[in-house]
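A.B. asks: First, the structure itself, so that you have it in front of you.
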Amino acid sequence: MSFAAQALSTEWAVKNRGKLENKVHQVPKEVDEWVANLKLQTMGINVDVLTDEQRKYLASWEMGT
Numbered sequence: 378m379s380f381a382a383q384a385l386s387t388e389w390a391v392k393n394r395g396k397l398e399n400k401v402h403q404v405p406k407e408v409d410e411w412v413a414n415l416k417l418q419t420m421g422i423n424v425d426v427l428t429d430e431q432r433k434y435l436a437s438w439e440m441g442t
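Residue numbers (the numbering used here): 378 to 442.
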């Protein structure tokens, strides 16, 4: 998995050559999520989509314990 993220991040950096600041960059979120989703698929795991109620709960500090 990490090799896939490294290779795709390198491809991203090459494609964005001349547009990036001269610094260390994080793995782009879309690359990270794509690699993670592929890994989960190979394991037969599906990612659920949050309901509106779940999103509201996660965004609130008033609910929960």
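In this text, a Cβ means the ideal position worked out from N, Cα and C, and glycines have one as well.
1. Around the C-beta of Leu412, are 16 or more other C-beta atoms found within 10 angstroms, so that it is buried, or is it exposed?
2. Would you give the residue range spanned by the alpha helix (DSSP H) that Met406 belongs to?
3. Nearest by alpha-carbon distance to Ser386: which of Pro405, Asn414, Trp438 and Val426 is it?
4. Less than 8 Å between the beta carbons of Trp389 and Val408, yes or no?
5. What's the C-alpha gap between Gly395 and Glu430?
C.D. replies: In short:
1. Checking the displayed sequence, the identity of residue 412 turns out to be Val instead of Leu. When all chains shown are included, Val412 counts as buried.
2. Going by the sequence as given, residue 406 is Lys instead of Met. Its alpha helix (DSSP H) spans residues Lys406 to Thr419.
3. Pro405
4. yes
5. 43 Å
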